[in-house]
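Following our numbering, the numbering of the sequence shown begins with 42 at its first residue and continues without gaps.
Backbone N, C-alpha and C define an ideal beta-carbon position, used for all residues, glycine too.
For clarity, every value in this text was computed on a predicted model and none was experimentally measured.
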Amino acid sequence: MRAVDLIYKKRNGSELSASELNYLVQGYCQGEIPDYQMAAWTMAVFFKGLSAAETADLTMAMANSGDQVDLGKIQGIKVDKHSTGGVGDKTTLILAPLVAAAGVPVAKMSGRGLGHTGGTIDKLEAIPGFQIELTQENFTRQVNEIGVAVIGQSGNITPADKKLYALRDVTATVDSIPLIASSVMSKKIAAGADAIVLDVKMGSGAFMKTLDEAEALAQAMVEIGTNVGRRTAAVISDMNQPLGYAIGNALEVNEAILTLQGKGPHDLTELCLTLGAHMVVLGGLRASESEARGLLEQKLRDGSALRKFQQFITAQGGNAKVAEHPELLPKADVLIEVNASAPGTVTAIDAEQLGLAAMQLGAGRATKDAVIDYSVGIVLSKKVGDRVEAGESLAVVHARANNNGTDEILKQIQNAYHISDQPYSPGPLLLSIVT
Ligand code: URA
């Protein structure tokens, strides 16, 4: 087999076999196929697409390129959840203890943030003492004992995807539906869960800008999961503004705790209950989404979801007192208000711009090795649909006193807000479910 023939075949719109896709993935992963040939192939895929069978075969070739996590020693149906990436997305911090309190075992690997998006592992590390590394034995024991563990991604999960993703990032081939679908699903399959719930974001802050694109991506991922024997459901949600009010690690932990106390923002609570209900159904604990939702609402109301969060934090070395004393979380030096320059109604908030502003404050990484500051970030005062008067607060910036770029960042946050003198009602948060 030769890479050039497979590029030619795809360029002409023909279908590749499983062994041809394996040859490409393995050859690239092992350094036998150079970047320029793989880049040509991904561009051919960008224009010609992949069939459902090719997408499934590419996914499995990438899932098999590194370690496969064996969750076999964990009792029950393990249900994983994955978000396609957003701003202010702290759902895992809420969902993991919430569904664990309902009886679904959560054995989860999460990632760090890069660029304008945050990562669950960074948020958990904002809790003093929290350890994101556990041995396989302790990971298994913890899930069997308390029902939940969340750790950082091991170094050798889907190395082919890591390499291919970095190549796609610099060759304008990220936003291809079959390539995103195979990238996400290869990681989920290698991580070993029996069932998967996907949170597909749509809007200005997401890869998928329209509902049609988001639905096509969701369909592709659900089809891959189903084809490889993992029950999969996808919830499509709006990312035309950040989720909740807080952006930044410690600030998001605080908002997650408020949500577990039943005092969280409506959009965040609603998304968690919807994703969680699908996890409970796929986990076999309830037959319908409405029954599952009722169970989760009860776990929020009776305090057991919050207690599970504390148990989970304690088990991984963190200070669970943060749940009652948020002042124990890292704190910024200064709080600065960003005010509206004119009155009106907020019609849109550019989530990507706010994510970038939070990153520049120090909450995220511009490069893989950058050190982050857990205390800094942004808390929105207004969301889409809210009325605002001139001079009223749009957002509060939590910053370090010595950040020289703060003035520029404040301007950027102000520009992220679109304000109109016409009334405006926000669209729905939950757009579609694909099963
Ligand atoms: N997230 C992923 O894991 N992979 C992609 O290709 C895009 C988003």
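Reduced DSSP secondary structure (H/G/I, E/B, other) of residue i
i, result
"M79", "helix"
"M101", "helix"
"G418", "strand"
"S58", "coil"
"E368", "helix"
"N380", "strand"
"M42", "coil"
"I413", "coil"
"V147", "strand"
"I460", "strand"
"A94", "helix"
"R52", "helix"
"R428", "strand"
"A287", "strand"
"V66", "helix"
"T267", "helix"
Reference residue i; option with closest CA among the options
i, options, result
"A259", "M79, D210, S106, H123", "H123"
"S245", "V128, Q78, D46, L471", "V128"
"D279", "K51, S60, T408, S473", "S473"
"V420", "R406, S331, A436, K204", "A436"
"E449", "P464, A399, D427", "A399"
"Y415", "G154, S60, M103", "G154"
"D202", "A231, E186, I187", "A231"
"P138", "Q177, I377, A190, L370", "A190"
"S195", "S461, T310, K149", "K149"
"V425", "D410, Q453, T408, P469", "P469"
"R271", "A236, V294, L252", "A236"
"A234", "A167, M320, S60", "M320"
"G107", "Q67, K119, G126, T83", "Q67"
"D462", "V263, S382, L402", "S382"
"G317", "Y49, E254, V238", "V238"
"K486", "K119, N63, V86, S422", "Because the chain is modelled from 42 through 476, residue 486 falls outside the range shown and cannot be assessed."
"Q357", "N443, L175, S466, N281", "L175"
"L165", "G117, G289, L220", "G289"
"R182", "V147, H157, P169", "V147"
"G359", "H366, A346, Q351", "Q351"
"N295", "A167, T158, M103, R428", "A167"
Delimiting residues of the alpha helix (DSSP H) encompassing residue i
i, result
"T251", "Looking at the DSSP string, T251 is not in any alpha helix (DSSP H), and its letter there is neither H nor E."
"K119", "Segment: none, K119 is in no alpha helix (DSSP H) and carries neither H nor E."
"D448", "447-457"
"A141", "132-143"
"K349", "345-356"
Straight-line gap, residue i to residue j (C-alpha atoms, nearest Å)
i, j, result
"V145", "Y69", "38 Å"
"A392", "T132", "16 Å"
"V211", "K304", "42 Å"
"T476", "N445", "49 Å"
"M249", "D216", "8 Å"
"A213", "G90", "15 Å"
"L208", "I277", "27 Å"
"V269", "A97", "8 Å"
"G344", "L299", "12 Å"
"K452", "V438", "11 Å"
"K228", "L376", "39 Å"
"I413", "E338", "34 Å"
"D163", "L336", "29 Å"
"I41", "P384", "Since the first residue shown for the chain is 42 and the last is 476, residue 41 is missing from the structure and cannot be characterised."
"A333", "A80", "44 Å"
"A275", "E311", "15 Å"
"A373", "A261", "42 Å"
"E73", "E61", "14 Å"
"A93", "A257", "12 Å"
"V225", "A431", "43 Å"
"I118", "S466", "40 Å"
"S434", "E56", "55 Å"
"A328", "G266", "20 Å"
"A457", "A411", "25 Å"
"R348", "Q78", "52 Å"
"T83", "N197", "23 Å"
Residue i: first and last residue of the uninterrupted beta strand (DSSP E) it sits in
i, result
"E293", "Per DSSP, E293 belongs to no beta strand (DSSP E); it is in the alpha helix (DSSP H), 290-301."
"D279", "272-279"
"G385", "385-390"
"A440", "434-440"
"V475", "471-475"
*Tell me the start and end of each unbroken alpha helix (DSSP H) in the stretch 160-245 that is at least 4 residues and wholly inside, in chain order.*
161-166, 177-187, 200-210, 218-231
*Please specify which runs of the alpha helix (DSSP H), each continuous and at least 4 residues long, are wholly inside the stretch 306-333, giving them in chain order.*
307-323
*Who's in the neighbourhood of ligand 2, going by beta-carbon under 5 Å from any heavy atom, listed in chain order?*
Among the ligands present in this structure, namely ligand 1, ligand 2 is not found.
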